[in-house]
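Numbering (the working numbering), first residue to last: 1461 to 1641. Comments concern the structure below.
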């Protein structure tokens, strides 16, 4: 990549895996597997790309986080902890990269209407009920789309965006709105 284009302008750390369970039922191997991708993957990709960005004195890193970094969900202990680590790492990287002119932010979607979610829902005994429950837990009444997440990443990557160390929430209101019926 560097030999063809001479620089890297944007790194989007978007790989992630999940796990279901609480602290008691989750195995050490599950913790290692999830953290290997969700946290160490972000650190390793950033370690590989940041020297080039530092040399250019410019660049943007956008990490994919999740609302679970801020809001607890039942049986998501490992995933939540890994995304909490991504949020903390994002903020630490943002301050470390200030002297180099590099901005570091993360995007935190709520439940994304994605192929992975659809496969997970389809495997449930009552997929329609699961899909409806996911929709209902979003105060705006729907899941965020892949296109909306991509647009948020593009916004954070744009040279005209004046932000660093930010957790850009695409959560449909989960973290800040309570609907009382």
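All residues carry an ideal CB built from backbone N, CA and C; glycine is no exception.
Quick one, are the C-beta atoms of residue i and residue j less than 8 Å apart?
| i | j | result |
| --- | --- | --- |
| residue 1514 | residue 1562 | yes |
| residue 1542 | residue 1484 | no |
| residue 1629 | residue 1522 | no |
| residue 1573 | residue 1627 | no |
| residue 1535 | residue 1588 | no |
| residue 1606 | residue 1566 | no |
| residue 1497 | residue 1527 | no |
| residue 1486 | residue 1537 | yes |
| residue 1508 | residue 1490 | no |
| residue 1590 | residue 1581 | yes |
| residue 1510 | residue 1557 | yes |
Whose C-alpha, out of the options, is nearest the C-alpha of residue i?
| i | options | result |
| --- | --- | --- |
| residue 1636 | 1621, 1597, 1625, 1610 | 1597 |
| residue 1466 | 1477, 1519, 1480, 1548 | 1519 |
| residue 1475 | 1502, 1469, 1593 | 1502 |
| residue 1602 | 1610, 1539, 1633 | 1633 |
| residue 1619 | 1579, 1564, 1590, 1512 | 1564 |
| residue 1609 | 1590, 1631, 1581 | 1631 |
| residue 1559 | 1570, 1516, 1571 | 1516 |
| residue 1553 | 1480, 1506, 1604 | 1506 |
| residue 1600 | 1578, 1586, 1571, 1584 | 1571 |
| residue 1492 | 1529, 1508, 1469, 1539 | 1539 |
| residue 1469 | 1640, 1550, 1512 | 1512 |
| residue 1550 | 1640, 1639, 1473 | 1473 |
Would you decide whether residue i is buried or exposed? Buried here means 16 or more other CB atoms lie within 10 Å of its CB.
| i | result |
| --- | --- |
| residue 1575 | exposed |
| residue 1471 | buried |
| residue 1504 | exposed |
| residue 1624 | buried |
| residue 1548 | exposed |
| residue 1578 | exposed |
Provide the residue(s) that pair with residue i in DSSP beta bridges, ordered along the chain.
| i | result |
| --- | --- |
| residue 1639 | Per DSSP, none; premise fails for residue 1639. |
| residue 1536 | 1481 |
| residue 1520 | 1470, 1563 |
| residue 1628 | 1567 |
| residue 1605 | 1573 |
Quiz item: Where are the alpha helix (DSSP H) runs, 4 residues long or more, that stay fully inside the segment 1551-1600, in chain order?
Solution: 1575-1582, 1587-1596
Quiz item: In chain order, which continuous runs of the beta strand (DSSP E) of length 3 or greater are located wholly inside the segment 1487-1518?
Solution: none
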